[in-house]
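Under the numbering used here, read the sequence shown as residues 1147 to 1503, first letter to last. Notes follow the structure.
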Amino acid sequence: RWRSSLPAQLESADRSDEDSGGDIDWDNLGFGLTPTDYMYVMRCSLEDGVFSRGELCRYGNIELSPSAGVINYGQGLFEGLKAYRRSGRQRYMLFRPEENARRMQHGAERMCMPSPSVEQFVHAVKQTVLANRRWVPPREKGALYIRPLLIGSGPILGLAPAPEYTFLIYAAPVGNYFKEGLAPINLVVEDAFHRAMPGGTGGVKTITNYAPVLKAQMEAKSKGFTDVLYLDAVHKRYLEEASSCNLFIIKGGVVATPATVGTILPGITRKSIIELARDRGYQVEERLVSIDDLIGADEVFCTGTAVVVAPVSTVTYQGQRHEFRTGQGTLSQTLHTALTSIQMGLAEDKKGWTVAI
Ligand code: COI
């Protein structure tokens, strides 16, 4: 039982245009957690395997058995997507939410969990945005970050799939992910710790991929770096991704990004950027990207839902600092503008990537 549940399913009649945000400084959002009004909850037993109708509840703490699968054995997945405010009758826009739904389904299969259908997922996301619409930042100030979770919420003692699952979505207004804002970031290559291994879960968005990177991340931050770049665990030679985003390099006008071979998260921003670069006539290679390729690159950038497109000005590897082009005229800047213009409804969406609410 969820302590704060409130049957508050939003019907279209409740879609008033009341959307004055809270008492927030929209110009300095960052990526901190601002609690919003509602969350969406839907449950399913392992036996049923099918999620029933979900509902909106007041945002608040949740109650779990101490033996819930997620807190004992890490049986959980998360997703991340954003809603932007736009003008016109349909006032909010999502970016490729079906992709998040499908990625969750794929991850759920890996983690032995039932998952919501694509339709259920997208419906729940829309409901969550509408219920929290006063928290969608003004245009060009940020976005409402939507965090769907799928967790083994039922109690289990021996190692086995939990008997019950909860799909939950909460949301928070966000601005830039890194403290650098839109300024270029500085990465350090980690060669002692690894994020993923062949046969592991690096390619799905399980919660268990994230806490293990904290140690390297904290150490990097204490030395003034923005984030950590991980190498493959077998050869310690091929780049995988940063703690929170995918990686791209550009050399001689050719774009390359590590292929999603199971150890790398198949980012939705990654996939979109590949397409946008190809549309502009660039050759984009999904392949092994070695540390030498990185060092020899002209430009380096990271992509992710939270990060969007972040230019990288330096990468430090074994104590050596390597510099890359950033700023005016770079491809990362062009791609950042192309992507965010579609996401915010400032450019025509010829690809059908956006979903209006
Ligand atoms: C996202 O980009 O949405 C993510 O899930 C990364 C997370 C570490 C903030």
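Positions of the beta carbon are idealized from the N, C-alpha and C atoms, including for glycine. Predicted, not measured: the structure shown is a model, and the values here were computed from it.
For Leu1477, the closest C-alpha among the options Gly1398, Lys1272, Leu1223 and Ala1229 is that of Gly1398. As computed with DSSP, Met1257 is found in no beta bridge at all. Proximity of the beta carbon of Ser1418 to the ligand COI is not indicated: no heavy atom of the ligand is located closer than 7 Å. Annotation: the segment 1334-1390 contains the following complete segments of the beta strand (DSSP E) (minimum length 3 residues), in chain order: 1373-1377 and 1385-1388.
Rounded to the nearest whole angstrom, the CA to CA distance from Val1359 to Phe1339 is 8 Å. Remark: the C-beta of Gly1215 is outside contact range of the ligand COI, defined as less than 7 Å to any heavy atom.
Gly1450 and Ser1436 have their C-alpha atoms roughly 21 Å apart. Put simply, the backbone Cα of Pro1330 is about 29 Å away from that of Lys1497. When the five nearest sequence neighbours on each side are left out, the beta carbons in the same chain lying within less than 6 Å of the beta carbon of Glu1469 are those of Thr1460, in order along the chain. Per DSSP, Ala1456 is one residue of the beta strand (DSSP E) stretching across Val1454 to Tyr1463. The C-beta distance from Asn1392 to Arg1416 rounds to 4 Å, short enough to meet the 8 Å contact threshold. Taking 7 Å as the cut-off, the C-beta of Ala1366 does not count as close to any heavy atom of the ligand COI. Excluding its 5 nearest sequence neighbours in each direction, Ala1443 has C-beta neighbours in its own chain below 8 Å: Ile1395, Ile1396, Lys1397 and Phe1470, listed in chain order.
DSSP lists Leu1295 as the bridge partner or partners of Phe1224. Sorted by position in the chain, Gly1226, Ser1390, Gly1450, Thr1451 and Ala1452 make up the residues whose C-beta lies under 5 Å from a heavy atom of the ligand COI. Contact annotation: Phe1447 and Thr1372 have beta-carbon atoms that are not nearer than 8 Å.
Closest option to Ile1503, judged by alpha-carbon separation, among Ser1213, Gly1195 and His1269: His1269.
Here Asp1194 is exposed, its C-beta having fewer than 16 other C-beta atoms within 10 Å.
Secondary structure note for Ala1270: its alpha helix (DSSP H) is the uninterrupted segment Val1264 to Ala1277. Contact annotation, Tyr1376 with Gln1273: C-beta distance approximately 36 Å; criterion of less than 8 Å not satisfied. Look at Ser1487 here: in three-state DSSP terms it is helix. Non-local beta-carbon contacts of Met1343 in its own chain, meaning distances under 7 Å to residues more than five positions away in sequence, involve Ala1379 and Thr1409 in chain order. Val1350 is not a Cβ neighbour of Ala1362, given a cutoff of 8 Å. Each of Ala1388, Leu1422, Pro1412 and Arg1433 was checked against the Cα of Thr1403, and the nearest Cα belongs to Arg1433. If you look at Val1446, you'll find it isn't in any alpha helix (DSSP H); it sits in the beta strand (DSSP E) that goes Glu1445 to Gly1450.
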